[in-house]
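See below for the structure under consideration.
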Amino acid sequence: MYQHFTGFPKNRVIGTGTLLDSSRMRRAVSSELGIDPRSVGGYNLGEHGNSQFTAWSTVRVLGQPITKVAAERNIDLAKLDEVARAGGYTVFHGKRYTNYGIASAAVRLANIIISDARTEIPVSNFHEEYGTYLSYPAIVGRSGIIEQLKLDLTDDEKQKLQTSADYIRTRFEDTVSSMTGSKVE
1 MYQHFTGFPK
11 NRVIGTGTLL
21 DSSRMRRAVS
31 SELGIDPRSV
41 GGYNLGEHGN
51 SQFTAWSTVR
61 VLGQPITKVA
71 AERNIDLAKL
81 DEVARAGGYT
91 VFHGKRYTNY
101 GIASAAVRLA
111 NIIISDARTE
121 IPVSNFHEEY
131 GTYLSYPAIV
141 GRSGIIEQLK
151 LDLTDDEKQK
161 LQTSADYIRT
171 RFEDTVSSMT
181 GSKVE
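Next up, the structure:
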């Protein structure tokens with residue numbers, strides 16, 4: 001919305017995206033395996049909401065693909081995905097709000113930009129191929145999105161990302177239309 005109404009350069013409009021969700025996924029995986037969350041890498045992609053998903057093809061544990069670790073240890077990745085996705089709901093139902101997690105993600109993003117840290121993180125950024133903003137890893141620094149990463153996603157993950165992008169784009173178009181009375185061009 002912000003970029004649409006202000007005309008601000010797309011690479012300079014960034015949201016926290018699935019930064020918090022990816023952190024919750026890493027915590028769920030590390031808890032299941034009894035390891036430090038910093039030993040888990042990988043991403044949740046799409047929207048920060050119902051159409052987000054864990055891109056298991058991106059997840060590595062102590063240098064090993066999670067799919068290999070899960071097969072060796074009989075770990076249900078779908079169950080882990082649900083645990084990660086339920087993290088926000090669990091906090092909300094306990095406290096009735098979820099301010100600290102998103103505040104921490106926003107502060108982290110602001111610090112990366114201010115310090116020109118050029119850090120790889122999953123943030124909401126504009127993707128021409130999908131015609132919308134969605135959460136996908138990018139290199140972020142003072143000038144905004146410096147580079148969008150290229151992930152080798154599975155066909156299923158590509159479809160989930162397309163579904164999420166379609167949902168985001170439709171919600172955006174509907175909102176702009178209701179605010180302005182005209183269609184998005």
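Numbering (the UniProt record's numbering), first residue to last: 1 to 185. Just so you know, even glycine gets a beta-carbon here, dropped at the ideal spot from N, CA and C. Since we're looking at a predicted model, the values are computed, not measured.
Just mark ALA165 as buried or exposed, buried being the case when its beta carbon has 16 or more other beta carbons within 10 Å.
buried
Between the segment 116 to 128 and the segment 24 to 34, can you find at least three pairs of beta-carbon atoms closer than 8 Å?
No, because fewer than three Cβ pairs between the segment 24 to 34 and the segment 116 to 128 fall closer than 8 Å, the two stretches do not touch.
Range of the contiguous alpha helix (DSSP H) that encloses ARG171
Following the DSSP letters along the chain, one finds ARG171 inside the alpha helix (DSSP H) bounded by residues 155 to 180.
Helix, strand or coil: how does DSSP classify GLY63 here?
coil
N-terminal and C-terminal residue of the alpha helix (DSSP H) that VAL184 is part of
Boundaries cannot be given for VAL184, as no alpha helix (DSSP H) includes it and DSSP labels it neither H nor E.
Start and end of the alpha helix (DSSP H) containing TYR130?
Run containing TYR130: none; DSSP gives neither H nor E here.
Cβ neighbours of ASN11 in the same chain (closer than 6 Å, five flanking residues each side left out)
Result list for ASN11: GLY144, ILE145, in chain order.
Looking at HIS48: is its Cβ nearer than 8 Å to the Cβ of VAL176?
No.
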